[in-house]
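All the letters of the sequence shown, read from the start, carry residue numbers 1 to 396 under my numbering. Structure, as structure tokens:
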Amino acid sequence: MQLASPYRRLALFGTVYFVEGAVLTYFSTFNTIYLRTFDLPFTRIGIVGGITLIPFVLKIFVGLLSDRVNLVGLGHRKPYIVLGLVLQSAAFLVFPLIDPVAQFPLFVVLCMLAALGMSTYDTCTDGFSIDVTPEEERGVVQGIMVGGRALSAVVIAAVIGALSQRGLWSVVFAGIGALGLLTVPLALLAREPQVRPPARTFSLAAFRSLRDWGFALFLVLGLVYPLTLWSANGMTGAFLNEVLGVRLGRVGLYTSVFGVGTVLGGLVGGPLTDRIGRRGSLVVALLLTSATVFGLAMLPSAGLGWLVVGFFGIAFGYYETVYMTMGMDFCDPRIAAFMFAFVMAVGNVGIGLGQPLSGALDDAVGFRWMFAVLAVLNLLTLPLVYGVFRLREDIE
């Protein structure tokens, strides 16, 4: 199962994650702003956000379907990726035609369809990457994916911000829709055999992989690290504004510096992971992220913040890349899309738990001690890392 060339394969992975980054940026930051231009109550905006999250839970079952069903004889990955891209793009192209107030139920359905499209191509691209990527190249692939999504967040946020300020929301929707459609030709270049080898054919016996103790420890690590690192990232802007007096307009520039750092962390961390191995990379990434989060706790001035936030972005991108690479290693090829979606779902739970935790810590002890606690929590997972590799000596 391969694309016409490895370069096209990497182009597909990077482009798909760039498109995904654009959609995530819109829904996480700008959807609320768009709906408020119609004076839609925040209660209803919350309903939109909650329902939009449903497909991100269902993606586990999308992965299972992809592993098991060769869709209309076209393959286990390609048709799902294409279908997801088209579904998402269609929803975004229709958005400007819908009045979110007068046609609220229809707008909610469109949001859900857009999220379902994204979760479908995301899950099946992950499965495809596991199917076609040799073990020694997985770091590079994940680095491109992490870097592509982070680059999109930086670029797309700036573009949407400029367009929305001028009221050009129809251009925003058309642009995101076009990004998805422009990715379809790359997906169509994917070639899959009509018959999978037994080692990659769906089997109920593959679910025994979920009972592996090494995998269980890996999931605990995947719960804690996003809880700490995503929480620290989410609170950095407020910390810069409220404690160090950085103007809100400039806070966005710090966010861009973090994003550029994440891109660098992914692009450099991927090849580095393949070169020095999973164990060494994960330990280094864990120590670097802990040090940079603690650096935020000790940050004396906004000027030094540029450096600390930038290094935090690099360390964050590196950690994400290493962890996702190991996620590929743990996946049984017979249920690759399902297992990787399961790994990502656990990480999403960690992100969700981290938001109220960081808020409670800030209210209780302030920003600086909050960062210190998060840094210590992250560092305390070091024994888990050694436990994972002790139980799974085949992963190095």
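A virtual CB, placed ideally from N, CA and C, is assigned to each residue, including glycine.
Applying the criterion that 16 or more other CB atoms from any shown protein chain within 10 Å of the CB defines a buried residue, is residue i buried or exposed?
i, result
"Glu135", "exposed"
"Arg278", "buried"
"Trp230", "buried"
"Ala375", "buried"
"Met298", "exposed"
"Pro226", "buried"
"Ala397", "Residue 397 cannot be examined here, being either before or after the span of the chain that is shown, 1 to 396."
"Tyr7", "exposed"
"Gly46", "exposed"
"Gln142", "buried"
"Gly73", "exposed"
"Glu20", "buried"
"Ala407", "Absent from the structure is residue 407, since the part of the chain shown begins at 1 and ends at 396."
"Gln103", "exposed"
Could you pull the DSSP bridge partners for residue i from this structure?
i, result
"Arg275", "DSSP output for Arg275 lists no bridge partner at all."
Using only CA atoms, which one of the options lies nearest to residue i?
i, options, result
"Ala22", "Gly175, Gly269, Leu384", "Gly175"
"Arg9", "Asp332, Trp230, Phe128", "Phe128"
"Leu65", "Thr273, Pro333, Phe56, His76", "His76"
"Gly84", "Ala364, Leu182, Leu204, Phe38", "Leu182"
"Leu35", "Ser89, Gly161, Val101", "Val101"
"Leu244", "Ala205, Ala302, Ala206", "Ala302"
"Asp274", "Arg211, Pro41, Arg138", "Arg138"
"Asn233", "Ser164, Leu253, Val224, Gly313", "Gly313"
"Phe389", "Leu272, Ser281, Ala150", "Ser281"
"Glu396", "Thr29, Val283, Arg211", "Val283"
"Val140", "Leu357, Trp306, Tyr323, Leu267", "Leu267"
Quick check: does the Cβ of residue i come within less than 8 Å of any heavy atom belonging to the ligand COA?
i, result
"Leu304", "Among the ligands in the structure shown, none appear at all, so the ligand COA cannot be discussed."
Is residue i helix, strand or coil by DSSP?
i, result
"Arg149", "helix"
"Arg390", "helix"
"Arg368", "helix"
"Arg9", "helix"
"Arg138", "helix"
"Arg191", "strand"
"Gln398", "No statement about residue 398 is possible, as the shown extent of the chain runs from 1 to 396 and does not include it."
"Asn70", "coil"
"Ile160", "helix"
"Phe202", "coil"
"Ser301", "coil"
"Glu242", "helix"
"Gly75", "coil"
"Ile395", "coil"
"Thr381", "coil"
"Cys331", "coil"
"Ile314", "helix"
"Phe214", "Before going on, a small fix: residue 214 reads as Gly here, not Phe. It is helical."
"Gly50", "helix"
"Leu227", "helix"
Could you round the C-beta distance between residue i and residue j to whole angstroms and report it? I think they count as a contact, below 8 Å.
i, j, result
"Thr25", "Ser152", "7 Å"
"Phe311", "Gly327", "No, Phe311 and Gly327 are not in contact; Cβ-Cβ is about 24 Å, not under 8 Å."
"Pro333", "Ala199", "6 Å"
"Pro96", "Trp169", "7 Å"
"Gly14", "Ile144", "5 Å"
"Val251", "Asn241", "6 Å"
"Leu286", "Leu219", "So it is not a contact: roughly 16 Å between Cβ atoms."
"Thr321", "Val146", "5 Å"
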